[in-house]
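The letter at position 234 of the sequence shown is residue 356 when you use this note's numbering, and the numbering goes up by one with no holes. Note that beta-carbon positions come from the ideal geometry of N, C-alpha and C, so glycine has one too.
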Amino acid sequence: MATASEPNINTGDTEKLRQNLRGVQVFFILVSTIIGTGVFSGNAIALTVAGPVGLLVNVLGLGLVAICVGETVSEFVQLWAVPNAVYYYIKYFIDDEAAWVVTILYWYSNATVFAVQMLGAAKLVQFWSLIAIWPPFIFFLMVPFILLAVNLAGIKVYGWVETVFGMLKTVLVFGVTCTLYDISTKAISAGFQYNKDLVSSKSHAFFYGIPYVAYSYIGIESSIVAAFEARSATAVALPSRLIHWFIVGFYFLCTLGLALTVPWNDPHLTGSLDKLTQPRSNSATIIAIARDPRLGGGPLAGFVNGCLIMSIVSSAAASLYLASRTLYGLAYTLRKQTDFAKGLSSIWGERAMVPARALLVTFLAFFWLPWISQIPGNRITVNDVLNVMSLTASASCVITWAFICLAFIRFERFTESPDARSSPDGMPGAVRKHEGCYARSHKRYAKQVSGLGVAIQPWFAWAGFLGCIIVFISASAPWWSRPATPRDVIAAYGPVSFFHSLLSSPRLLVISTNN
């Protein structure tokens, strides 16, 4: 455990973010964070490689991991709704240096998703065969600055914007799911297949699809960030308990609709948009709707395509929010060591009260990434950029999941100690004051924390941790039957290598020790 010398971000010794989010806002921020391209487009590779039943097994398996992680996160945030929570949970129950690296990877995960979503939106626009210059101009330039402005407007404005978009996304997923059931064919009868051009067996196909499906669940832990800006403990408790069950249920029902409707060997799922006939889309949802004559083909597919773009843009705004708050928390922890960190942790605007510099740095960090696809003669295709960045973002987020689960396992052991009647030494106190008790067997603990997984812990945490290990093993599946390329290795294990190299850095040891 750390010592009490750790600065407490809640003591009022500096400006802090405004706690202004209502429970409904917290919930729909979480919805907006998670529902992006994954459920509608990101599962195409898993469907192509493993067939409809293989895709369903992947989605259900990763959903169970997401539920285990979600239950673990929920119990943590109900106990400690603190800024920079990823860092503090890992620091006080595992290791200080590991906490630094994992938090940096978590920032990277959300910051890159912001850029990747813009690439995904521009790709969907090609459904209408627009002039090539307009998608980049709109989604690589205009939309990112609009999302930055929404975040700079303050948590109250941002919270209501995401509430509206989160509600629309919920209606979208429900409507698309019902539509897919209505037009379902016998596509699911293909069962568990495997693409012989990519994999060597059905088991190989199963593991191949796991990393791609995992991308759909990025954000299931996001209550760990949004909790600090909630108005009260109640405002974060219920959303943190419900979000993973809600998302997993919705994802499975929607994926079942895709499995019923879209042939697993449809060339549109993995084909180049430049070579495709109508529909010019890789989205399984758009393919299914555009080809059904009862739905009028193109018009309804175009409307749904527009809704998917809206969903992606909203998810990008949420990723920018999460990444900026993560960077703000890290900078605050270092504010006494460097002027740069002090500047990053500064708050802007008496009414907005947002970490403007952290937002700007996060925004600019990967703002350039989508423009790579526009370089004349560039050999790096949009699909290459999307695949590598989405997989590294997934890996970084899964590393965060694994360490949060491991931190909870260590915390659960702490609750059995004689010191469990009070918070661990140096852990920042919760923003909402209460008579804390951390002995899980004590009746006061039950008043502070509730949820379906409380009685089952730490088994949920153990299952989540082991599930993350399986995801890491599966990251190498694309090259089990062929030589690995540098791109394959970077996409699969780049974040892990970064974790190891940064953890071994003497500079990191000096910073964490001084802190």
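Asked, Found
"Pull up the distance between the alpha-carbon of K458 and that of S467, whole angstroms please.", "11 Å"
"Inspect the CB distances between the stretch 333–341 and the stretch 194–207 and report whether three or more fall short of 8 Å.", "no"
"Taking Cβ to Cβ, would you say Y330 is nearer than 8 Å to A172?", "yes"
"Can you give, in chain order, each stretch of the alpha helix (DSSP H) that sits fully within the stretch 294–339 and has at least 4 residues?", "324–336"
"Do you know offhand how far L375's Cα is from G465's?", "46 Å"
"For A577, does the three-state DSSP call read helix, strand or coil?", "coil"
"Please work out which residues of its chain come closer than 6 Å, Cβ to Cβ, to V426, disregarding the five sequence neighbours upstream and downstream, and give them in chain order.", "I411"
"Name, in chain order, the residues that DSSP records as bridge partners for W584.", "DSSP output for W584 lists no bridge partner at all."
"Kindly list the residues whose CB is nearer than 6 Å to the CB of L227, restricted to its own chain and excluding five residues on each side of it in sequence; keep chain order.", "S518, I521, P617"
"Distance check for T194 and Q579, CA to CA, integer angstroms please.", "8 Å"
"Exposed or buried, what is K318 when buried is set at 16 or more other beta-carbons lying within 10 Å of its beta-carbon?", "exposed"
"Using the beta-carbon count (16 or more within 10 Å), is G297 buried or exposed?", "exposed"
"Is the stretch 270–279 in contact with the stretch 480–496, if contact means three or more CB pairs nearer than 8 Å?", "yes"
"According to DSSP, is L360 helix, strand or coil?", "helix"
"Note down the Cα distance separating N232 from W523, rounded to an integer number of angstroms.", "14 Å"
"Using three-state DSSP, classify A352 as helix, strand or coil.", "strand"
"What is the C-beta distance between V187 and G589, in whole angstroms, given that I count them as a contact (C-beta under 8 Å)?", "3 Å"
"Only counting the same chain, and skipping five residues up and downstream in sequence, which positions put a Cβ closer than 6 Å to that of F314?", "G173, V175, G176, K324"
"Which whole-angstrom value describes the C-beta separation of S345 and S154, a residue pair presumed to lie in contact below a C-beta threshold of 8 Å?", "13 Å between Cβ atoms; not a contact."
"Measure the alpha-carbon distance for Y334 versus M475 and round it to whole angstroms.", "37 Å"
"With a threshold of 7 Å on Cβ separation, who are the neighbours of W601 within its own chain once the five nearest residues in sequence on each side are excluded?", "D610"
"Just the C-alpha distance for F287 and F150, rounded to the nearest angstrom, thanks.", "8 Å"
"Counting C-beta neighbours from all protein chains within 10 Å, is the total for L486 16 or more, i.e. buried, or is it exposed?", "exposed"
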